[in-house]
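J.:
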Amino acid sequence: MAEGIAIARPQRWDRPFGPDMTDDDVARVLEQPLLRDIDPGQFPASLPLREIVRNDTRLRRFAPGDVIVREGDYGSSMFVIITGGVQVVTDGVDDAELGRATRKRPRTLFQALRQLWGNAGQPEVRDVARYFQGAGNLDLRGEAEDARTYLADVDAFLERHETVPLSDGAAFGEIAALARSPRTATVVADTDTEVVELRWQGLRDIRRRDAGFREHIDGLYRERSLAQHLREAPLFAHLDDAAIDDIARHTTFETHGTQEWFRDFKKVKGDDPSAVLGQEPAVAEEGHYLDGLIMIRSGFARVSEGLDQGQRTTGYAVQNDVFGLEEIVHHWRHGGPLAFRRSLRAIGSVDILRVPTALVERHVLPNAPADQLPEADAGGGEVTPAWLEQSTDRGLPQSLVDFFVDERTINGRAAMVIDTDRCTACDDCVRACASAHNANPRFKRHGPIHDGKQVTNACMHCADPVCLIGCPTGAIHRHESGAVVIDDATCIGCATCANACPYDNITMVEIRDGNGEFIVDEQTGQPIMKATKCDLCFDQLGGPACERACPHDALIRIDMHDQARLAEWINRK
Amino acid sequence: MRALATQRLRNGLLALAALAIVGAGVYVDHLALRDSSFLSGWLLVAAFVVLAAFNARKKLPFLPLGSAAGWLRLHAWLGLVTVAIFAMHGGWSWPGGGLEALLWGLFVALLVTGIGGLALSRLAPRPLTEHGERVLFERIPRYRAQLAGEVEDLVTAAIDEHGSSAIATHYSRRLRPYFARPRHVLRHLLGSHAPVRRLQRELRALERYLSASGRETLDAIEARVVAKDNLDYHYAWQGLLKGWLFAHIPLTYATAVVAAVHIVTAYAFAASTP
Numbered sequence: 001m002a003e004g005i006a007i008a009r010p011q012r013w014d015r016p017f018g019p020d021m022t023d024d025d026v027a028r029v030l031e032q033p034l035l036r037d038i039d040p041g042q043f044p045a046s047l048p049l050r051e052i053v054r055n056d057t058r059l060r061r062f063a064p065g066d067v068i069v070r071e072g073d074y075g076s077s078m079f080v081i082i083t084g085g086v087q088v089v090t091d092g093v094d095d096a097e098l099g100r101a102t103r104k105r106p107r108t109l110f111q112a113l114r115q116l117w118g119n120a121g122q123p124e125v126r127d128v129a130r131y132f133q134g135a136g137n138l139d140l141r142g143e144a145e146d147a148r149t150y151l152a153d154v155d156a157f158l159e160r161h162e163t164v165p166l167s168d169g170a171a172f173g174e175i176a177a178l179a180r181s182p183r184t185a186t187v188v189a190d191t192d193t194e195v196v197e198l199r200w201q202g203l204r205d206i207r208r209r210d211a212g213f214r215e216h217i218d219g220l221y222r223e224r225s226l227a228q229h230l231r232e233a234p235l236f237a238h239l240d241d242a243a244i245d246d247i248a249r250h251t252t253f254e255t256h257g258t259q260e261w262f263r264d265f266k267k268v269k270g271d272d273p274s275a276v277l278g279q280e281p282a283v284a285e286e287g288h289y290l291d292g293l294i295m296i297r298s299g300f301a302r303v304s305e306g307l308d309q310g311q312r313t314t315g316y317a318v319q320n321d322v323f324g325l326e327e328i329v330h331h332w333r334h335g336g337p338l339a340f341r342r343s344l345r346a347i348g349s350v351d352i353l354r355v356p357t358a359l360v361e362r363h364v365l366p367n368a369p370a371d372q373l374p375e376a377d378a379g380g381g382e383v384t385p386a387w388l389e390q391s392t393d394r395g396l397p398q399s400l401v402d403f404f405v406d407e408r409t410i411n412g413r414a415a416m417v418i419d420t421d422r423c424t425a426c427d428d429c430v431r432a433c434a435s436a437h438n439a440n441p442r443f444k445r446h447g448p449i450h451d452g453k454q455v456t457n458a459c460m461h462c463a464d465p466v467c468l469i470g471c472p473t474g475a476i477h478r479h480e481s482g483a484v485v486i487d488d489a490t491c492i493g494c495a496t497c498a499n500a501c502p503y504d505n506i507t508m509v510e511i512r513d514g515n516g517e518f519i520v521d522e523q524t525g526q527p528i529m530k531a532t533k534c535d536l537c538f539d540q541l542g543g544p545a546c547e548r549a550c551p552h553d554a555l556i557r558i559d560m561h562d563q564a565r566l567a568e569w570i571n572r573k
Numbered sequence: 001m002r003a004l005a006t007q008r009l010r011n012g013l014l015a016l017a018a019l020a021i022v023g024a025g026v027y028v029d030h031l032a033l034r035d036s037s038f039l040s041g042w043l044l045v046a047a048f049v050v051l052a053a054f055n056a057r058k059k060l061p062f063l064p065l066g067s068a069a070g071w072l073r074l075h076a077w078l079g080l081v082t083v084a085i086f087a088m089h090g091g092w093s094w095p096g097g098g099l100e101a102l103l104w105g106l107f108v109a110l111l112v113t114g115i116g117g118l119a120l121s122r123l124a125p126r127p128l129t130e131h132g133e134r135v136l137f138e139r140i141p142r143y144r145a146q147l148a149g150e151v152e153d154l155v156t157a158a159i160d161e162h163g164s165s166a167i168a169t170h171y172s173r174r175l176r177p178y179f180a181r182p183r184h185v186l187r188h189l190l191g192s193h194a195p196v197r198r199l200q201r202e203l204r205a206l207e208r209y210l211s212a213s214g215r216e217t218l219d220a221i222e223a224r225v226v227a228k229d230n231l232d233y234h235y236a237w238q239g240l241l242k243g244w245l246f247a248h249i250p251l252t253y254a255t256a257v258v259a260a261v262h263i264v265t266a267y268a269f270a271a272s273t274p
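Sequence lines, in order, name chains A and B. This note's numbering numbers the first residue of the first sequence as 1 and each following residue consecutively. This note's numbering numbers the first residue of the second sequence as 1 and each following residue consecutively.
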């Protein structure tokens, strides 16, 4: 057998966040008020503070008017101002002000019908003139990943909005970095500003080891976001401010797992099941004392229970799911030991909130709406019925759940699942997609198949849309309809999103004019690229064309979190 | 999400109800001493328009015209109701003139291709899923060419390394034609595995002439023969799944034209009838 090529094992910091960080830069960052009190002695030799700063931070300079973060963008980093000042917009910013030309509402009936004769005869045709319309006050500077939008008339913009100024030493963006969630506000540079940007991996490691840093960051999160986060959770929605504040004060934040699920999950595909489980650290273990209700803040977790020598996957938990509620309710009603019935295992890296059990019993349960409480009491120690051993609580076939978890398709909020036992390969779905997208199909009708169910290569509009992380212009964003969409006008073709998508569901294309000629960069002559993907027909009447076009009831767009609906669809006869 | 069995029951009952209403209407028309063939004829035209509109719905996926699955169910059940109306219209007897015979023939052909296509759509997907890897129809030629290239490389290497004339001869006589294009389409449609088993037997028969490494080459070739057989299976069934519409849709157009002529002549002769 021919020998393979030997390479150095890939390491965490092979691609530093800021490749140009010098020793002086690292020293400057470490002098910042937020970091200067950290004791480097707390960090192991394999993970020194200085190297975290060197590899997980970068210095960025912004001119007045530069948009540093946009409300709604997906964040994975926080910022600390070194010099200068920024304005945080507190009253919301319209998409159009940020240069996005994405439709707000579906087309009219005539606009929809016009596609019958208005679609292009060539693939990927664009009307270039539209790129320069409606940008208004907004322009672009820099290239590729360093590209940023800026407001030509920042004063007029700031006059229109309510803002809060931040200056030297202040931190922002920690909420999105901690929860890997959408940015809650737009931040614009007010003057020439230098900031240090810390990506979430570094934030996690420093926070884990330094109590002072952790208290400061958690305090910011607690002060700015946690109470709101709890209020938005259905289980806590009925609580008054005093109860929410009490819970927020005692809730702890934890991160489990060390790897980025979206970079590493392909490595474990096909491995021995016990080896896969071995890479999933336990957040809570079956039979252990239940000290608090667990809320998933970001990431995914496998819910499992012991069966003989292995673990039987009974379900999965994603962002905003709670774990341990049934046991707490049982304890509150009947007393007895308080222990987890099942295990919760981190797939990749999972952030959780742990709400003390006593507070749940004191504040939440007495007046909780009936629909928020589990239907059946979860007594401890019951044996799984034999008929359930090959299916989960929701009636999903066991191997199919393992398949969904292993493929990480549980991330999908609108995953395209095809029942290959009904699909005749007529491609009506593909044709319908093309008709609804100017003659360009936005998905490929293939993908992993298990037990007659194919998870197709179409954007799943993920609960954790990692493709949104790092888009330099905010072109890819979550539309108010919930779909993850790309604004074609602001996409600069850097492929950051396409490279980030773990499912290969974003395609880079070369665009053409109406005559079918490639549109090229006037300086280099190279074709202009754009990122394309399924947009869930957010602007079409009637919803996703693919689903409606399937004559055989073989295709569904489904929220993988809705396990009851998924089971109903899979088990239909 | 309604269970498929419940849907079928509901649709069947609706179709029966529709048939009863239509039958009663035609019968009342007949009792009123009118020529009920005009009523049943126009009911047929209306049903035909709705049936043909399914294809139009497919061309307008961006309009909120309901799901294609719903349209197909309507198409199938209304198609069955139409058969009964057609029988009422024709007086439950064989057609008389040439035009009527042609129309009758076209209608029966439409019915047969429709029912056949529907049955195919319901029965073929599962075996396709269970038979090897599910491949895209359009990619089959590319995969076939890839397999053919791999086998050719294996045979060339066998000649270079072992001077194997047995494999080379077998390749030129049997394997090259086999990999050149889809084979045994009809046998695949009939569910026969005989062709591939024969090829495997022929390959195994060469074993006695080969060294150990030559037998490894043979194993590799056999794996590709089986993979090609899987491609042929998918080619045959997916081709049929796509192909039946090439009969059904042209028949629809032909039926529409002949029906139009039939309507004109029916009114022309009706007008001349005292």
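The beta carbon of each residue, even a glycine, is placed where N, CA and C say it ideally should be. Bear in mind that the values here come from a model prediction, so they are computed numbers and not experimental data.
Output yes if chain A places a C-beta closer than 8 Å to the C-beta of B/Thr129; else output no.
T.: yes
J.: Is the beta carbon of A/Leu140 less than 8 Å from the beta carbon of A/Val80?
T.: Cβ atoms of A/Leu140 and A/Val80: not closer than 8 Å.
J.: Does A/Ile449 get closer than 8 Å to chain B when you measure Cβ to Cβ?
T.: yes
J.: Label B/Arg204 either buried or exposed according to how many other C-beta atoms from any shown protein chain fall within 10 Å of its C-beta, with 16 as the threshold for buried.
T.: exposed
J.: Run through DSSP, which three-state label would A/Ile352 get?
T.: strand
J.: Pull up the CB-CB distance for A/Ile296 and A/Val355, whole angstroms please, since I reckon it's below 8 Å.
T.: About 12 Å; that fails the 8 Å criterion.
J.: Residues of chain A with CB closer than 7 Å to the CB of B/Gln238, please, in chain order.
T.: Ala425
J.: For the region 509-546 of chain A, list the beta strand (DSSP E) runs that are entirely contained and at least 3 residues long, ordered along the chain.
T.: 529-532
J.: Can you name the residues of chain B whose CB is closer than 9 Å to the CB of A/His552?
T.: In chain order: Ala68, Ala69, Leu72, Ser121, Arg122, Pro125.
J.: Which residues in the same chain as A/Ile486 place their Cβ atom closer than 6 Å to its Cβ, once the five residues preceding and following it in sequence are excluded?
T.: Ala475, Ile476, Ala531
J.: So with CB distances below 7 Å, who are the chain A contacts of B/Pro64?
T.: Those within 7 Å of B/Pro64 in chain A are Leu541, Gly542.
J.: Can you tell me which of the three DSSP states A/Asp66 falls into?
T.: strand
J.: If you run the structure through DSSP and keep just helix, strand and coil, what is A/Gln32?
T.: coil
J.: By how many angstroms is the C-alpha of A/Ala301 removed from the C-alpha of A/Leu344?
T.: Their Cα atoms are separated by approximately 6 Å.
J.: Mapping DSSP to helix, strand and coil, what is B/Arg204?
T.: helix
J.: Can you find a C-beta in chain B that's less than 8 Å from the C-beta of A/Ser435?
T.: yes
J.: With A/Arg148 as the anchor, note down where its beta strand (DSSP E) starts and where it stops.
T.: 148-151
J.: Answer yes if the region 457-467 of chain A comes into contact with the region 483-500 of chain A, meaning at least three C-beta pairs across the two stretches below 8 Å, and no otherwise.
T.: yes
J.: Please determine, among A/Gly121, A/Ala237, A/Gly219, the residue with the shortest C-alpha to C-alpha distance to A/Pro369.
T.: A/Ala237
J.: Check the Cβ of A/Thr420 against every Cβ in chain B and list those closer than 9 Å, keeping chain order.
T.: Pro125, Arg126, Leu128, Thr129, Arg134
J.: Any beta-carbon of chain A closer than 8 Å to the one on B/Gln137?
T.: A small correction: the amino acid at residue 137 of chain B is Phe; Gln does not occupy that position in the sequence shown. So, interface residue.
J.: Going along the chain, which residues of the region 201-225 of chain B sit with their C-beta nearer than 8 Å to a C-beta in chain A?
T.: none
J.: In this structure, does DSSP put A/Val576 in helix, strand or coil?
T.: Examination of residue 576 of chain A is not possible in this model, given that chain A is present from 1 through 573 alone.
J.: Under 8 Å between C-beta atoms, does A/Ala549 make it to chain E?
T.: Protein chains A and B are contained in the structure displayed, whereas chain E is not.
J.: Going by beta carbon distance, what residues of the same chain come within less than 6 Å of B/His131, once the five residues before and after it are set aside?
T.: Tyr233
J.: Can you tell which of A/Leu555, A/Gly310, A/Asp406, A/Leu566 has the C-alpha that lies nearest to the C-alpha of A/Glu286?
T.: Check the Cα spacing between A/Glu286 and each of A/Leu555, A/Gly310, A/Asp406, A/Leu566: the tightest is with A/Gly310.
J.: Among residues of its own chain, excluding the 5 on either side of A/Arg224, which ones have a beta-carbon nearer than 7 Å to its beta-carbon?
T.: Ile175
J.: Return the chain-ordered list of same chain residues with a C-beta closer than 8 Å to the C-beta of B/Leu110, the five sequence neighbours on each side being excluded.
T.: His248, Leu251, Thr252, Thr255
J.: Can you tell me the Cα-Cα spacing of B/His170 and B/Leu123, whole angstroms?
T.: 37 Å
J.: So the candidates are A/His437, A/Asp73, A/Thr424, A/Ala463; which of them puts its Cα closest to the Cα of A/Arg445?
T.: Comparing Cα positions, the closest option is A/Thr424.
J.: Leaving aside the five residues before and after B/His262 along the sequence, list all residues of the same chain whose C-beta is less than 8 Å from its C-beta, in chain order.
T.: Once the five neighbours on either side are set aside, the close Cβ partners of B/His262 are Leu99, Glu100, Leu103.
J.: Taking only beta-carbon atoms, is A/Val572 less than 8 Å away from chain B?
T.: Per the sequence presented here, residue 572 of chain A reads as Arg, with Val not at that position. Yes, A/Arg572 counts as interfacial toward chain B.
J.: Roughly how many angstroms lie between the CA atoms of A/Val318 and A/Gly85, to the nearest whole one?
T.: 37 Å
J.: Enumerate in chain order the residues of its own chain whose CB-to-CB distance from A/Thr90 is below 7 Å, with the five nearest sequence positions on each side excluded.
T.: Glu162, Thr163, Val164, Ala185
J.: Per DSSP, A/Pro182 is paired with what?
T.: A/Tyr74
J.: When we look at the beta-carbon of A/Leu468 and count the other beta-carbons within 10 Å, is it buried (16 or more) or exposed?
T.: buried
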